[in-house]
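Colleague:
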Amino acid sequence: MGDNIAGELGYLRGQELFQIAFGREEMVLTFNADFISVHSPIYFATAGNQAFEIWTPNGILKDPSIFRLLHTQIMSFQMNQNEDLKLDFTNGDYLILCKWQNASQGSYQISCGQEVIIV
52 MGDNIAGELG
62 YLRGQELFQI
72 AFGREEMVLT
82 FNADFISVHS
92 PIYFATAGNQ
102 AFEIWTPNGI
112 LKDPSIFRLL
122 HTQIMSFQMN
132 QNEDLKLDFT
142 NGDYLILCKW
152 QNASQGSYQI
162 SCGQEVIIV
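Numbering (our numbering), first residue to last: 52 to 170.
1. With V84 and Y94 assumed to form a contact (beta carbons below 8 Å), what rounded beta-carbon distance in angstroms separates them?
2. Can you list the beta strand (DSSP E) stretches of 3 or more residues lying completely in the region 77 to 124, in chain order?
3. Using the Cβ count rule (16 or more neighbours within 10 Å means buried), how would you classify D144?
4. Apply the 10 Å Cβ neighbour rule to F128 and answer buried if 16 or more other Cβ atoms are within range, or exposed otherwise.
5. Looking at the strands, I want to know which residues DSSP matches up with F140.
6. For E59, does the three-state DSSP call read helix, strand or coil?
7. Going by DSSP, name the residue or residues bridged to F73.
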């Protein structure tokens, strides 16, 4: 992950997840006053288990386990070369927000106050 992105996303560490909302083509994760809006596949894993696709646009939620993340905090994050973003939570579970390779409008956006990062 480049230093610029790491610096920009540093505020995510310690953020508590307050709400998980679903739309037909979007999942929104709300942290305090900030949020992440996702328009691409999301993978989820409980501590020590293999990640699996839990949601994709125009699909259904495949497992309610994601709600275990409510009221937990982001402990750390990593972004790979494909710009997939992994969020590790304090309960040991994690999410991976995948970047569409041919996304014209972005795969996910992270909003912190007035700043918006679109990937």
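Glycine residues also receive a C-beta, built at the ideal position from the N, C-alpha and C atoms.
If you're wondering where the values come from, they're calculated on a predicted model, not measured in any experiment.
Modeller: Once the coordinates are examined:
1. In the sequence as presented, Val is not what sits at residue 84; that position holds Ala. Cβ atoms of A84 and Y94 stay farther apart than 8 Å, at about 26 Å.
2. Secondary structure in the region 77 to 124: the beta strand (DSSP E) runs of 3 residues or longer, each lying completely within the stretch, are 78 to 82, 85 to 89, 93 to 96, 103 to 106 in chain order.
3. It counts as buried.
4. Buried, by the Cβ-count rule.
5. DSSP output for F140 lists I125 as bridge partner(s).
6. Looking at E59 - three-state DSSP - the assignment turns out to be helix.
7. Under DSSP, the beta-bridge partners assigned to F73 are M78.
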